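Oh and the sequence shown: position 89 is 89 in full-length UniProt numbering, straight run, nothing missing. Structure first, commentary second.
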Amino acid sequence: MDNLDYRALAVLDAVVSQGSFEKAALALGISQSAVSQRIKALEDAAGRLLIVRGQPAVPTGLGQRLVSHHRNVKLMEASLDIDLGNQISMPEIALAVDAASLATWFPLSLQPLLSPPRCQLNVQVAAPELALHLVREGSVFGCVAAGAAEQQANGPQVTPLGSMRYVCVATRAFANHWFGDGFITDAVQLAPAVVCDRDMMNGFLHQVLEWRGAYPHHTLPLSAASTECVFGGLAYGLLPLQQVSAALADERLVDLAPGQVVDVPLHWHAWNLDTPFTRALSEQIVATARRYLL
1 MDNLDYRALA
11 VLDAVVSQGS
21 FEKAALALGI
31 SQSAVSQRIK
41 ALEDAAGRLL
51 IVRGQPAVPT
61 GLGQRLVSHH
71 RNVKLMEASL
81 DIDLGNQISM
91 PEIALAVDAA
101 SLATWFPLSL
111 QPLLSPPRCQ
121 LNVQVAAPEL
131 ALHLVREGSV
141 FGCVAAGAAE
151 QQANGPQVTP
161 LGSMRYVCVA
171 TRAFANHWFG
181 DGFITDAVQL
191 APAVVCDRDM
201 MNGFLHQVLE
211 WRGAYPHHTL
221 PLSAASTECV
231 FGGLAYGLLP
241 LQQVSAALAD
251 ERLVDLAPGQ
261 VVDVPLHWHA
271 WNLDTPFTRA
281 LSEQIVATAR
291 RYLL
């Protein structure tokens with residue numbers, strides 16, 4: 001595409017961010033017909049569809065790449081504003097982070113980034129597969145994702161962060177009721193578990209008990225699993241050690257299988273966009289993770 005219309009790209013970005021032409025028009029302070037005209041002009045210039053009309057409106061592959069290009073340009077413009085002594089704009093940086101990191105170490109990386117505020121962070125919770133998809137297609141600048149990772153040619157840079165350790169815990173009353181004879185197969189077949197990641201729990205039970213059979217369990221997101229189920233005495237489950245270390249220390253929770261843990265490696269995947277904002281973001285996330293993870 002020759003001579004990209006950056007005003008039209010800003011409209012495209014708004015439609016993708018807001019999820020509809022109407023909401024984009026309200027956010028930009030222009031008419032809905034003006035939004036439609038600028039998107040149509042971009043599509044005519046590209047010779048391809050950029051937005052799939054619907055509820056919500058979603059970008060095509062090329063549409064998402066153009067939105068990512070526009071956001072990267074805004075970040076570089078903000079960097080130039082600093083160099084030129086102009087009023088600093090507040091570019092948006094989108095990230096995807098796993099739920100366990102958000103519940104433990106990741107918020108500790110924000111203070112140096114946001115005080116004083118230098119960017120607008122848009123952080124979404126995402127499982128590893130979705131997080132990697134979002135960063136590879138350019139929907140987010142970077143992501144924290146669990147599992148093994150390899151650097152791919154022309155892909156985002158991959159930096160190891162350390163491992164998140166999980167322990168199997170329950171309240172003492174729950175443990176006394178269901179696991180009075182210890183963490184054994186007979187008890188696991190009866191006691192209700194809460195599961196955030198079924199593969200992790202299945203692997204843990206096989207690791208500790210060589211058990212591959214069925215077991216009663218609830219499937220919930222991490223926040224509900226920890227606060228309502230485990231701390232509420234309704235189930236046992238695998239939770240991040242950093243999240244439960246204080247409760248283990250004061251015996252609100254007990255470790256059902258002492259010495260048996262699950263260590264999950266985490267990686268930072270991010271595009272090599274050399275601006276003060278993105279450099280500081282990557283450096284702070286990596287440094288914080290390595291301070292708190294194994």
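Each residue gets a CB set at the ideal place from its N, CA and C atoms; glycine is no exception. Please read all numbers here as calculations on a predicted model, not as lab measurements.
query: Taking the C-alpha atoms as reference points, what is the distance between Ala257 and Leu241?
result: Put simply, the backbone Cα of Ala257 is about 13 Å away from that of Leu241.
- prompt: Can you give, in chain order, each stretch of the alpha helix (DSSP H) that sits fully within the UniProt domain "HTH lysR-type" (4 to 60) and has at least 4 residues?
  reply: The qualifying runs are 6 to 18, 21 to 28 and 32 to 46.
message: What would DSSP say about Glu92, mapped onto helix, strand or coil?
response: If DSSP states are grouped into helix, strand and coil, Glu92 belongs with the strands.
message: Along the chain, where does the alpha helix (DSSP H) containing Trp271 start, and where does it finish?
response: Trp271 -> no alpha helix (DSSP H), and no H or E assigned at all.
- request: Measuring alpha carbon to alpha carbon, tell me which of Gly155, Tyr292 and Ala170 ends up nearest Glu228.
  value: Of the listed residues, the one whose Cα sits closest to Glu228 is Ala170.
message: Once the 5 residues before and after Met200 are set aside, which same chain residues still bring their CB inside 8 Å of it?
response: Only Tyr166, Leu238, Val262 and Val264 meet the Cβ criterion.
message: Check this for me: beta carbons of Glu92 and Asn122, under 8 Å apart or not?
response: yes
- prompt: Can we say the segment 134 to 147 touches the segment 269 to 281, given the rule of at least three CB pairs closer than 8 Å?
  reply: yes
message: By alpha-carbon positions, which one of Gly29, Ala247 and Glu210 ends up nearest to Ser226?
response: Ser226 has its Cα closest to that of Ala247, out of Gly29, Ala247 and Glu210.
- prompt: Can you give the beta carbon distance from Leu161 to Ala289, rounded, assuming they're within the 8 Å contact cut?
  reply: 4 Å
- prompt: Got a sec, what are the start and stop residues for the alpha helix (DSSP H) Leu114 sits in?
  reply: Gln111 to Leu114
query: On the premise that Leu62 lies in contact with Ala41, defined as a C-beta separation below 8 Å, what is that separation, rounded to the nearest angstrom?
result: Going by Cβ atoms, the distance from Ala41 to Leu62 rounds to 15 Å, so no, they are not a contact pair.
query: Taking all protein chains shown into account, do 16 or more other C-beta atoms lie within 10 angstroms of the C-beta of Leu132, making it buried, or fewer, making it exposed?
result: buried
query: From this set, Leu75, Gly29, Ser36 and Ile285, which residue's C-alpha is nearest Cys119's C-alpha?
result: Leu75
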